[in-house]
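Residues 67 to 403, numbered by the numbering used here, are exactly what the sequence shown covers, in order. Everything on this sheet refers to the single structure shown next.
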Amino acid sequence: MFINELSNINGVSGNEDEVRKFIIDKLKKLVDKFEIDSMGNLYAFKKGKKSGKKIMLAAHMDEVGFMVTGIEQSGDIRFRPVGGIEPLTCLSKRVIIGKNKISGVIGVKATHLNTIEEEKSVPKFESLRIDAGFSSKEEASSKVNLGDYIAFDTEYYEENGICTGKGFDDRAGCSILMDIAGMDFPYDTYLTFTVQEEVGLRGARIAGNRVFPDICIVVEGTGAGDFPSKRDIGSYPSLGSGPVITLLDRSLIVQKKLVDFLLNVAKDNRIPYQFKRPNIGATDAGRIHISKTGVPSMVLAVPVRYIHSPCCIMLKRDYNNTLKLIEKGIERIEEVI
Numbered sequence: 067m068f069i070n071e072l073s074n075i076n077g078v079s080g081n082e083d084e085v086r087k088f089i090i091d092k093l094k095k096l097v098d099k100f101e102i103d104s105m106g107n108l109y110a111f112k113k114g115k116k117s118g119k120k121i122m123l124a125a126h127m128d129e130v131g132f133m134v135t136g137i138e139q140s141g142d143i144r145f146r147p148v149g150g151i152e153p154l155t156c157l158s159k160r161v162i163i164g165k166n167k168i169s170g171v172i173g174v175k176a177t178h179l180n181t182i183e184e185e186k187s188v189p190k191f192e193s194l195r196i197d198a199g200f201s202s203k204e205e206a207s208s209k210v211n212l213g214d215y216i217a218f219d220t221e222y223y224e225e226n227g228i229c230t231g232k233g234f235d236d237r238a239g240c241s242i243l244m245d246i247a248g249m250d251f252p253y254d255t256y257l258t259f260t261v262q263e264e265v266g267l268r269g270a271r272i273a274g275n276r277v278f279p280d281i282c283i284v285v286e287g288t289g290a291g292d293f294p295s296k297r298d299i300g301s302y303p304s305l306g307s308g309p310v311i312t313l314l315d316r317s318l319i320v321q322k323k324l325v326d327f328l329l330n331v332a333k334d335n336r337i338p339y340q341f342k343r344p345n346i347g348a349t350d351a352g353r354i355h356i357s358k359t360g361v362p363s364m365v366l367a368v369p370v371r372y373i374h375s376p377c378c379i380m381l382k383r384d385y386n387n388t389l390k391l392i393e394k395g396i397e398r399i400e401e402v403i
């Protein structure tokens, strides 16, 4: 399980280099070769027991974050989100800026300084600034540049099987792919770590056409809905209920035979499972399944509370059950390939 180290690496969409370097370093003795395409997608190839078919397992390396868009005379830093982030989750949160790893805080006024109108509204990113302790534009510009990436400054923590940290969407998936890298695969297999998923599934479009596998499993960290709320939020996944199986989302309808395959594997191995709330979100499978003449694709995910925020929560037993379902599924993949 590599989630602790992966979570602590900063890899906002378009800046996945450090994540990729870490994966290569950890897998170099377990796979046959690596390839990196012009987008930055990483392919870890393992020769299978048989030839003639190709399996693709995919997870995205990138996380949501921000980019520096301006520096004010005061030294405060303007920024915009990279990927889907709600401003409400960011107020007064610590961040790390650029290659110099400058620490800052997304500033917000103390509540007693707000007007009545401000108390009734949520600030927009346009009105927020990062305070990194600079006293002038000149001082800030000596350490921070336009276009610098900004990541949440959150350290991974684990206790009693409860994991907290940033970027579990989709470092959880990356970690699972790394965990299974040592197994024997029935066919040639491409462990594919994609880029820029959070800004439009961009890396997956290239990866699907490059590999063009006979079958694909996308591994994700998906939003759990069992968080504190005053209303019934419906059939969202919950922590502790096992891997999440996608039926359909905004980018993909999973073929019924593939859903039935996952259900049979789960039941035969007494692995708990649940379903993702239909028609919510999108994953790399949305691009991969329409590569060339089509790729049968399915999505399995670890349920995660508070994705796309400074701190996520995940249960280790959900992670382990997702890993087990994927391993057992690969062992029986000939049933659907």
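C-beta atoms are modelled at their ideal positions from N, C-alpha and C, and glycine is treated no differently.
To the nearest angstrom, how far is it from the Cα of residue i to the Cα of residue j?
i    : j    : result
S363 : S207 : 46 Å
I399 : S158 : 47 Å
N74  : R237 : 10 Å
M244 : G118 : 24 Å
G306 : D384 : 6 Å
Y109 : D128 : 15 Å
K112 : V85  : 20 Å
G106 : E82  : 8 Å
I143 : V310 : 39 Å
G360 : R160 : 43 Å
D250 : K94  : 16 Å
I346 : D235 : 15 Å
I163 : N76  : 10 Å
N211 : C240 : 30 Å
Once the 5 residues before and after residue i are set aside, which same chain residues still bring their CB inside 6 Å of it?
i    : result
H374 : V130, G150, I151
I403 : K119, D280, I281
F293 : R371
Find out if the Cβ-Cβ distance for the pair residue i, residue j is shorter than 9 Å.
i    : j    : result
E192 : G141 : no
G227 : R195 : no
A367 : V261 : no
M380 : I69  : yes
Y256 : I121 : yes
A273 : T288 : no
A124 : A270 : yes
Which residues does DSSP list as the beta-bridge partners of residue i?
i    : result
R371 : I379
M105 : For M105, which the question treats as bridged, DSSP gives no partner whatsoever.
I319 : L314
T260 : H126
G289 : V370
Below 7 Å CB to CB, which residues in the same chain sit around residue i once its five sequence neighbours on both sides are set aside?
i    : result
L96  : A247, G248
K358 : N275, F278
D98  : F111, K112, K113
Apart from the five residues on each side of it in sequence, which residues of its chain come closer than 8 Å, Cβ to Cβ, to residue i?
i    : result
V148 : V78, S79, G80, V130, G131, F132, M133, Y215, E264, V265
**OP:** Report yes or no: do three or more beta-carbon pairs, one from the region 388 to 396 and one from the region 267 to 281, lie closer than 8 Å?
**Re:** no
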